[in-house]
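Student:
Pasting the structure below:
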């Protein structure tokens, strides 16, 4: 098992915690049609927080469970910074966790706001 496969579950848990702390976690799942969008980040049917919760986290957990190769080119932080800019400092931890995931998977950290 690779180091990425060991570290990613911790970061996904941190992402879940940060979404909840920012009051962005949803109990009810969006409709099947909303989740089936072909647009990047399901931008036409979901908020970015919904995409993280219902698409990204679930897909990463499934890949980990099946011990599949993880993505190596990922850049979620720029989208997170744009999506959560109105949250101000309350989004700092959320953006930092997303930047940590980017860095783990792609080796790049494209973060401009709330850098630790």
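In my numbering, the protein residues as written are 18 to 133. Even for Gly, the Cβ is constructed at its ideal location relative to N, Cα and C.
Determine the direct distance from the alpha carbon of residue 77 to that of residue 23, and round the result to whole angstroms.
Tutor: Mapped onto the chain shown, residue 23 falls at position 6. Mapped onto the chain shown, residue 77 falls at position 60. For residue 23 and residue 77, the distance between alpha carbons rounds to 12 Å.
Student: When you compare the CB positions of residue 110 and residue 66, do they come within less than 8 Å of one another, or not?
Tutor: Indexing the chain shown from 1 puts residue 110 at position 93. Indexing the chain shown from 1 puts residue 66 at position 49. No, Cβ-Cβ distance for residue 110 and residue 66 is not below 8 Å.
Student: With DSSP collapsed to three states, give me the class of residue 60.
Tutor: Walking along the chain shown from the start, residue 60 turns up at place 43. Here residue 60 sits in coil by DSSP.
Student: Is residue 79 close to chain B? Criterion is C-beta to C-beta, closer than 8 Å.
Tutor: This model lacks chain B altogether, as it is built from one protein chain only.
Student: Does the beta-carbon of residue 86 have 16 or more other beta-carbons within 10 angstroms, so that it is buried, or is it exposed?
Tutor: The count along the chain shown starts at 1 and reaches residue 86 at position 69. The residue in question, residue 86, is exposed, as its Cβ has fewer than 16 Cβ neighbours within 10 Å.
Student: Between residue 51 and residue 33, which are expected to be in contact by the criterion C-beta below 8 Å, what is the C-beta distance as a whole number of angstroms?
Tutor: Stepping through the chain shown from its first residue, residue 51 is reached at position 34. Stepping through the chain shown from its first residue, residue 33 is reached at position 16. Contact flag wrong, Cβ pair sits at about 20 Å.
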